[in-house]
Amino acid sequence: MGSPPPAPPPNAFQFVWRNPWVRAAVFLLVAYLAYQLAGEVHTVLVDFLVAFLIAYLANPLLNWLQRGRVKRGLGVFFVVLLFFGLFALVGLLLVTVSGQLIMLFNKLPDQIGTLGDILDRMTAWLTERGVGGLTNAREQIIKGAQDYATNLGDNLVPLLRDALNSTGTLFNSVVQIGGVVGQVVLILLLSIYLMADYSRVNATLLGIFPRPWQPRALEFSGLIGTAVGGYVRGQLLIALFIGVFVWLGLTLIGVPSAAAIGFIAGAFNIVPYLGPIIGATPAILLALTMPNVLLTVILVIAVFVIANQIEGNFLSPYILSRTTDLHPVTVLVAILVGVSLLGFVGALLAVPLVALGKLALQKYYYPSRLYSEGP
């Protein structure tokens with residue numbers, strides 16, 4: 436048998452493309468052009484991403500309904516009704532919570548003044564027993580706390596008050612803007628279409644990639660679903676539990692503004708270590724003004740400790756173990772970096788992106804020859 440014919444020499448394009456620096460420059464140029472294009476159409480792009488996120492979060496429910504012999508279209512109708520119901524419920528809750536937050540922030544300076552009276556009695560009691568040097572420390576603590584509470588109220592109360600119109604409807608002034616209404620309608624229509632044809636849309640997006648890349652792209656989309664989708668769903672469930680638990684617990688104790696404090700506790704629960712402190716601080720300050728101060732403070736602390744223990748020992752390991760499994764310090768650093776880069780949006784995106792990066796390292800980098808043998 437004769438030897439196979441020699442391969443034809445590479446043409447000029449193939450010869451240049453073999454250079455890794457040329458490929459890197461082309462990829463960077465394409466990424467830059469894509470970034471510029473995204474900046475031009477960012478409004479439409481954001482609308483599509485929000486609609487796709489809604490469809491993505493609703494898809495497990497739609498699949499469950501389909502397994503129960505409910506047609507996809509009817510399931511989408513149920514999901515839309517559920518969405519409107521939740522939207523109305525959240526609006527009513529935000530009205531109540533915003534009003535309670537205004538009252539809470541207005542009360543904080545007075546509550547800290549009450550704390551000062553308690554510290555005065557404690558300082559006098561300790562001074563009588565030979566413990567000195569407490570007066571200056573007491574004054575610095577109270578002054579700092581009062582300044583913090585006053586600044587917090589001055590900054591947030593006007594915003595919350597402006598968000599409520601004369602009928603008590605939250606964000607009504609924003610909804611009246613025609614452009615925002617049109618954007619909401621567009622997102623709703625896009626999400627309905629994406630929910631109805633979710634599998635076809637996924638197949639279309641997958642078809643954009645070259646055929647050899649499609650298995651890897653499909654595998655990577657599964658990682659995104661695990662890291663991002665699972666994390667978002669899990670955190671929403673955990674935040675809902677924390678908020679409701681704290682609200683009910685403080686209501687039973689008789690602490691005022693229980694709904695507002697529950698909202699704060701649930702919203703900041705994503706922040707490790709600091710979240711429970713942020714939620715518990717206003718509750719403890721309000722408890723200091725109630726009868727049976729010591730017992731009330733102990734009960735308030737117990738509510739937050741029990742909620743934190745249930746979340747840390749049962750909910751998070753069960754709900755998030757298959758999604759992120761990140762160390763709390765990693766979560767805290769990711770949130771701080773995200774806030775410094777993109778503000779509130781960065782805080783929301785930081786942990787899912789870090790979780791996705793961790794899963795990508797475990798899936799592709801650690802098993803690779805580059806990791807085991809080196810470059």
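Sequential numbering of the sequence shown, starting at 436, is according to this note's numbering.
For glycine and all other residues, C-beta sits at the position ideal for the given N, C-alpha and C.
Owing to the predicted nature of the structure, the values given are computational and were not obtained by experimental measurement.
| Query | Result |
| --- | --- |
| Same chain only: Cβ atoms within 7 angstroms of Ala490, ignoring 5 sequence neighbours per side | Ser626, Leu629, Met630 and Tyr633 |
| Backbone CA spacing between Val740 and Ala693 [nearest angstrom] | 16 angstroms |
| For Val514, the nearest candidate out of Val525, Leu496, Asn454 and Phe680 (CA to CA) | Leu496 |
| Of the residues Lys798, Val530 and Thr731, the one placed nearest Leu687, counting alpha carbons only | Thr731 |
| Pro645 - DSSP class collapsed to helix/strand/coil | coil |
| Range of the contiguous alpha helix (DSSP H) that encloses Val706 | Careful: Val706 lies outside any alpha helix (DSSP H) and carries neither H nor E. |
| Coarse secondary structure for Thr604, derived from DSSP in three states | Unreliable placement is indicated for Thr604, whose pLDDT of 46 sits below 50; no coordinate value is reported for it. |
| Contact between the stretch 643-652 and the stretch 500-518 (3+ Cβ pairs under 8 angstroms) | no |
| Per-residue DSSP class, three states only, for Met630 | helix |
| Proximity below 8 angstroms, CB of Val742 to CB of Ile677 | Here residue 742 turns out to be Ala, not Val, going by the sequence shown. Yes. |
| Per-residue burial, Val789 [other beta carbons within 10 Å of its own, 16 or more giving buried] | buried |
| Pair within 8 angstroms by beta-carbon distance, Val706 and Leu767 | yes |
| Nonlocal neighbours in the same chain, by C-beta distance under 6 angstroms from Pro711, ignoring five residues either side | Phe739 and Asn743 |
| Same chain, Cβ closer than 8 angstroms to Ala674, neighbours up to 5 away in sequence not counted | Gly701, Ala702, Asn704 and Ile705 |
| Residue span of the alpha helix (DSSP H) that contains Phe680, given as start and end | Gly665 to Ile688 |
| Start and end residues, alpha helix (DSSP H) containing Leu730 | Val728 to Ile745 |
| Assigned secondary structure, Met538 (DSSP; H/G/I helix, E/B strand, else coil) | helix |
| Phe749 burial status per 10 Å Cβ neighbour count (16 or more: buried) | exposed |
| Same chain only: Cβ atoms within 6 angstroms of Ser601, ignoring 5 sequence neighbours per side | Confidence in Ser601 is poor, its pLDDT being 42 and thus under 50, which makes the residue's placement unreliable; the coordinate value appears in the next sentence. Contacts found: none. |
| Candidates Phe487, Tyr666 and Leu517, of which the one nearest Val636 by Cα | Phe487 |
| N- and C-terminal bounds of the alpha helix (DSSP H) containing Leu750 | Neither: Leu750 is in no alpha helix (DSSP H) and is coded neither H nor E. |
| When Ala785, Ala718, Leu472 and Val465 are compared against Val663, the one with the closest alpha-carbon | Ala785 |
| Leu721 versus Val690 - alpha carbon distance | 7 angstroms |
| Straight-line gap, Arg453 to Leu672 (C-alpha atoms, nearest Å) | 50 angstroms |
| Contacting residues, own chain, Cβ-Cβ under 7 angstroms from Pro752 (five flanking each side not counted) | none |
| Closest Cα partner of Gln618 within the set Thr765, Ala466, Val479 and Gly773 | Val479 |
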